[in-house]
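For the sequence shown, our numbering gives the first residue as 1131, with consecutive numbering after it.
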Amino acid sequence: MAAGSSAAVKSGVAMDTVFNEQWHPVISKEPDDVRRILRKPHPETWKKVLIGETQKIVTIPEYLYQETYEMVVQTLNELVDRKDLAMYKRDPRRWEDQVTRTAIKLIKRIQDDA
1131 MAAGSSAAVK SGVAMDTVFN EQWHPVISKE PDDVRRILRK PHPETWKKVL
1181 IGETQKIVTI PEYLYQETYE MVVQTLNELV DRKDLAMYKR DPRRWEDQVT
1231 RTAIKLIKRI QDDA
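This is the structure we're talking about:
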């Protein structure tokens, strides 16, 4: 099945499609409806979402928490990039402190976004 064929267009609005683990479409609705449905308990077999507007396939958590997800990934990448700095190699406790501060910062941001 072609990716574009599942993202039907209804009244000029791109539809988002939820797929199960066998890549069978289980829901194809407008984005607000899909988010509303996915925020409620749903089968664990539902795994991915095809975003009709961009034709991008993402996981359900990434779809529901897109901005938070992007912020967490960016912050973690920045943290990993800093790991090899000399100041952390000289004093591993500074690295542990940085990891702790970053974890607290991420938790606060996530709570603020909720």
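Note that CB positions come from ideal geometry on N, CA and C, so glycine has one too.
From a predicted model like this one, the values you see are computed outputs, not experimental measurements.
8 angstroms CB neighbourhood of residue i in its chain, flanking five on each side removed
i: residue 1177; result: 1149, 1150, 1151, 1189 and 1190
Pairwise C-alpha distance: residue j and residue i
i: residue 1142; j: residue 1183; result: 10 angstroms
i: residue 1146; j: residue 1243; result: 23 angstroms
i: residue 1229; j: residue 1213; result: 10 angstroms
i: residue 1227; j: residue 1164; result: 40 angstroms
i: residue 1186; j: residue 1162; result: 17 angstroms
i: residue 1091; j: residue 1197; result: What is shown of the chain runs 1131 to 1244, which leaves residue 1091 out entirely.
i: residue 1173; j: residue 1157; result: 12 angstroms
i: residue 1247; j: residue 1205; result: The displayed coordinates of the chain run from 1131 to 1244. Any statement about residue 1247 would go beyond what the structure contains.
i: residue 1144; j: residue 1160; result: 7 angstroms
i: residue 1192; j: residue 1180; result: 11 angstroms
i: residue 1201; j: residue 1240; result: 9 angstroms
i: residue 1199; j: residue 1234; result: 16 angstroms
i: residue 1154; j: residue 1175; result: 10 angstroms
i: residue 1215; j: residue 1166; result: 44 angstroms
Any C-beta of chain B under 7 angstroms from that of residue i
i: residue 1205; result: In the displayed structure, chain B is absent; only one protein chain is listed.
Local conformation of residue i per DSSP, three classes
i: residue 1146; result: strand
i: residue 1234; result: helix
Close beta carbons around residue i, own chain, < 7 angstroms, minus the five adjacent residues each side
i: residue 1169; result: 1194
i: residue 1208; result: none
i: residue 1236; result: 1202 and 1205
Residues of its chain near residue i, where Cβ-Cβ distance is below 6 angstroms and the 5 sequence neighbours each way are ignored
i: residue 1225; result: 1218
**Message:** Suppose only complete runs of 3+ residues qualify. What are the beta strand (DSSP E) ranges in the region 1171-1219, listed by chain order?
**Reply:** 1176-1181 and 1186-1189
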